[in-house]
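A.B. asks: Before we start, here is the structure in question, set down as structure tokens.
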Amino acid sequence: MDFTIAATPILYVTLVLFFFKAISYTPNLDFEAELWATQTAKRFQMAEDLIDSEILLGKDTTQVKALLGDRITTADAFGKKMLLIPGPIRWE
Numbered sequence: 033m034d035f036t037i038a039a040t041p042i043l044y045v046t047l048v049l050f051f052f053k054a055i056s057y058t059p060n061l062d063f064e065a066e067l068w069a070t071q072t073a074k075r076f077q078m079a080e081d082l083i084d085s086e087i088l089l090g091k092d093t094t095q096v097k098a099l100l101g102d103r104i105t106t107a108d109a110f111g112k113k114m115l116l117i118p119g120p121i122r123w124e
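For the sequence shown, my numbering gives the first residue as 33, with consecutive numbering after it.
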């Protein structure tokens, strides 16, 4: 069997996997309370660090609100982009 014939499927699979990895890449930022409060559009980039660092573990509701601020409940805060509120929705 010729090397080219054997290597072609491997090359195609590698290219397809690389393509999907490249289009699904999302940059992550370290959590900073200041940036969280001012740059609402970048919050999704800080969410993974917020979870991994376990900053919120052991804090009560008032401490979490002091760190993260109030919940954003309108799409206008994101410039009419889609709003996703993770977790159970509790309108207060």
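Think of the CB as a built atom: it goes at the ideal place given N, C-alpha and C, for glycine as much as any other residue.
How would you write the range of the alpha helix (DSSP H) that P41 sits in, first residue to last?
C.D. replies: Its alpha helix (DSSP H) spans residues F35 to I55.
A.B. asks: T70: which of D34, F35 and I104 sits nearest, CA to CA?
C.D. replies: Out of D34, F35 and I104, I104 has the C-alpha closest to the C-alpha of T70.
A.B. asks: Could you give the uninterrupted runs of the alpha helix (DSSP H) lying entirely in the region 51-104, keeping only those of 4 residues or more?
C.D. replies: Listed in chain order, they are 65-70, 75-84 and 93-100.
A.B. asks: By Cβ distance below 6 Å, which residues in the same chain neighbour S85 in space, the five residues on each side in sequence not counted?
C.D. replies: Here the set comprises nothing.
A.B. asks: So, for D81: in the same chain, excluding its five sequence neighbours on each side, which residues have a beta-carbon less than 8 Å away from its beta-carbon?
C.D. replies: So the qualifying residues of the chain are N60, L61, D62 and F63.
A.B. asks: How long is the line joining the alpha carbons of K53 and T36, rounded to whole angstroms?
C.D. replies: Roughly 25 Å separates the two Cα atoms.
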